[in-house]
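Just so you know, the sequence shown maps onto residues 0 to 161 in numbering that gives the first Met the number 0.
Each residue gets a CB set at the ideal place from its N, CA and C atoms; glycine is no exception.
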Amino acid sequence: MSRQKPMLRETDDEARAVGQDLLRRARFGSLGVICPDSNAPMVSRVSVGTDAAGMPVTLISDLSLHTTALARNPLCSLLVGEPGARGDALIHPRLTLQCTAEPVDKDEIKPLYLSQHPKATLYYDFSDFRMLRLTVTCAHLNGGFGKAFSLSPADLDLPNPG
Numbered sequence: 000m001s002r003q004k005p006m007l008r009e010t011d012d013e014a015r016a017v018g019q020d021l022l023r024r025a026r027f028g029s030l031g032v033i034c035p036d037s038n039a040p041m042v043s044r045v046s047v048g049t050d051a052a053g054m055p056v057t058l059i060s061d062l063s064l065h066t067t068a069l070a071r072n073p074l075c076s077l078l079v080g081e082p083g084a085r086g087d088a089l090i091h092p093r094l095t096l097q098c099t100a101e102p103v104d105k106d107e108i109k110p111l112y113l114s115q116h117p118k119a120t121l122y123y124d125f126s127d128f129r130m131l132r133l134t135v136t137c138a139h140l141n142g143g144f145g146k147a148f149s150l151s152p153a154d155l156d157l158p159n160p161g
């Protein structure tokens with residue numbers, strides 16, 4: 000009888016480096032929340048930056064349904080990693096982060112965020128926009144076919160939550 004291979008590989012320095020790179024370079028991502036109207040999963044495309052500690056942040060509008068969802072349940076997930084120009088999109092690495100969203104001082108993070116998103120200068124100070132830090136509790140790296148890893152905040156060079 001043959002043994003089934005484990006689905007996840009042992010986390011190594013290459014997986015850590017890929018995960019860190021995906022997070023640092025991310026400027027957009029897919030934010031997964033629980034819809035407050037239906038209790039069903041919902042995904043939205045959001046802007047992504049990182050704060051001084053490297054933790055992901057996002058600037059979101061109070062007019063968005065995902066903002067209402069996060070106010071009711073701050074648990075969320077964020078998928079980052081863009082497909083390359085060539086080949087099947089599934090061969091390119093992507094990183095799914097499980098997070099807890101928490102408000103952060105919008106004025107304090109403004110210079111760093113705008114250096115990452117210069118076009119956000121047009122709407123950053125609108126009164127309906129708020130900044131959220133997505134505190135990473137764990138992560139899953141899919142480095143392409145057959146390259147799956149579980150990553151901790153420490154693997155991503157992030158502070159541990161708590």
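message = Considering Cα atoms alone, identify which of Leu7, Ala153, Leu89, Val17 is closest to Thr134.
response = Ala153
query = Hey, how far is the Cα of Asn141 from the Cα of Thr49?
reply = 21 Å
query = Are there 16 or more other CB atoms within 10 angstroms of the CB of Pro82, so buried, or fewer, so exposed?
reply = exposed
inquiry  = Cutting at 7 Å between CB atoms, please list the residues of its own chain near Thr10, excluding the five before and the five after it.
reply    = Phe148, Ser149, Leu150, Asp154
task = Drop a sphere of 10 angstroms on the beta-carbon of Gly86, count the other beta-carbons inside from all chains shown, and report buried for 16 or more, exposed for fewer.
result = exposed
message = Please report the distance separating the alpha-carbon of Ile59 from that of Met6.
response = 35 Å
message = I'd like to check one pair, Leu94 with Leu21: are the Cβ atoms closer than 8 Å?
response = yes
key: Burial state of Gly145 (16 or more Cβ within 10 Å)   = exposed
Straight-line gap, Asp156 to His139 (C-alpha atoms, nearest Å) = 14 Å
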